[in-house]
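What follows is a short report on a single structure.
Protein chains: 2
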Amino acid sequence: MIEALSEAERADALDGLPEWDHDEARDAITRTIVFADFIEAFGFMTQVALIAERMNHHPEWANVYNRVDILLTTHDAGGLSPRDIEMAQAIDAIVEE
Amino acid sequence: MIEALSEAERADALDGLPEWDHDEARDAITRTIVFADFIEAFGFMTQVALIAERMNHHPEWANVYNRVDILLTTHDAGGLSPRDIEMAQAIDAIVEE
Numbered sequence: 212m213i214e215a216l217s218e219a220e221r222a223d224a225l226d227g228l229p230e231w232d233h234d235e236a237r238d239a240i241t242r243t244i245v246f247a248d249f250i251e252a253f254g255f256m257t258q259v260a261l262i263a264e265r266m267n268h269h270p271e272w273a274n275v276y277n278r279v280d281i282l283l284t285t286h287d288a289g290g291l292s293p294r295d296i297e298m299a300q301a302i303d304a305i306v307e308e
Numbered sequence: 212m213i214e215a216l217s218e219a220e221r222a223d224a225l226d227g228l229p230e231w232d233h234d235e236a237r238d239a240i241t242r243t244i245v246f247a248d249f250i251e252a253f254g255f256m257t258q259v260a261l262i263a264e265r266m267n268h269h270p271e272w273a274n275v276y277n278r279v280d281i282l283l284t285t286h287d288a289g290g291l292s293p294r295d296i297e298m299a300q301a302i303d304a305i306v307e308e
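Right, here's the structure in full:
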């Protein structure tokens, strides 16, 4: 069982993820990324998919052509957990490449 | 410019796609597919992505773990076009494999 972040941990984590918005209703973080085209968008998704499978922690996401909307939360924890922060950091690193 | 389907063509096409629902508000077709796990779901998405790029016709889709929700419509046509039907048939063929 993964534990949700405490209030202080959540605040710290969100400060470190300026590209992400906090969805308070779901205690999730969201980020929308717009790429040049579908090839870049799906290439990004493929990289994230491999990391997600390795981490055994999967995003909720949607794609329309060059746009990818991502939502991270931990169902087992009922909200944000350290896994989401780790995943968000991994996603940011891929986007920055 | 791709032309939208006529009423008769749309009715015929939908009859041939029993796994798909018609979203009348958007004149789109939708299908939800549930796989065994994320590996199968994303493997499916990868096959569809390659076909989408080859056809230059891309789905609107969302994924949560083993579930994939797909919506097909043709923005340039303002609704369903023959491309959506062709894409839906290709997706059905992949799912049946």
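Protein sequence lines correspond, in order, to chains F and X.
Be aware that the first sequence starts at 212, since it is given in our numbering, and climbs by one per residue.
Be aware that the second sequence starts at 212, since it is given in our numbering, and climbs by one per residue.
Ideal Cβ placement from N, Cα and C applies to all residues, glycine included.
Please list the partners that residue i has in chain F, where partner means a Cβ-to-Cβ separation under 7 Å.
i, result
"His269 (chain X)", "Phe249 and Tyr276"
"Glu264 (chain X)", "Phe249 and Ile250"
Just checking: is the beta-carbon of residue i within a distance shorter than 9 Å of some beta-carbon in chain F?
i, result
"Phe253 (chain X)", "yes"
"Trp272 (chain X)", "yes"
"Met256 (chain X)", "yes"
Are the C-beta of residue i and some C-beta of chain X separated by less than 9 Å?
i, result
"Ala260 (chain F)", "yes"
Please identify the residue among the options whose C-alpha is closest to the C-alpha of residue i.
i, options, result
"Asp223 (chain X)", "X:Leu291, X:Ile302 and X:Asn267", "X:Leu291"
"Glu220 (chain F)", "F:Asp303, F:His269 and F:Asp295", "F:Asp295"
"Leu283 (chain F)", "F:Ala273, F:Ile240 and F:Asp248", "F:Ile240"
"Ser217 (chain F)", "F:Gly289, F:Asn267 and F:Glu308", "F:Gly289"
"His233 (chain F)", "F:Val306, F:Ile281, F:Glu308 and F:Glu251", "F:Ile281"
"Ile305 (chain X)", "X:Trp231, X:Phe255, X:Trp272 and X:Thr285", "X:Phe255"
"Leu225 (chain F)", "F:Glu297, F:Glu307 and F:Glu308", "F:Glu297"
"Glu214 (chain X)", "X:Glu235, X:Pro270, X:Pro229 and X:His286", "X:His286"
"Glu313 (chain F)", "F:Tyr276, F:Arg237, F:Trp272 and F:Gln258", "Only positions 212 to 308 of chain F appear in this structure, which leaves residue 313 (chain F) out of reach."
To which residues does DSSP link residue i through a beta bridge?
i, result
"Gly290 (chain X)", "X:Thr285"
"Glu271 (chain X)", "F:Val275 and X:Leu282"
"Ala239 (chain F)", "F:Asp234"
"Ile250 (chain F)", "Paired residue(s): none; Ile250 (chain F) is not in a bridge."
"Ile244 (chain X)", "X:Val279"
Rounded to whole angstroms, how far is the Cβ of residue i from the Cβ of residue j, which I believe are closer than 8 Å?
i, j, result
"Ala299 (chain F)", "Ile262 (chain F)", "Actually they are not in contact, since the Cβ atoms of Ala299 (chain F) and Ile262 (chain F) sit about 11 Å apart, beyond 8 Å."
"Ile243 (chain F)", "Arg265 (chain F)", "Strictly speaking, residue 243 (chain F) in this sequence is Thr, with Ile absent from that position. The Cβ separation is near 24 Å, so there is no contact."
"Ala260 (chain F)", "Phe253 (chain X)", "5 Å"
"Phe249 (chain X)", "His269 (chain F)", "5 Å"
How about residue i: is its C-beta nearer than 9 Å to some C-beta of chain A?
i, result
"Phe253 (chain F)", "Here chain A cannot be found, since the structure's protein chains are F and X."
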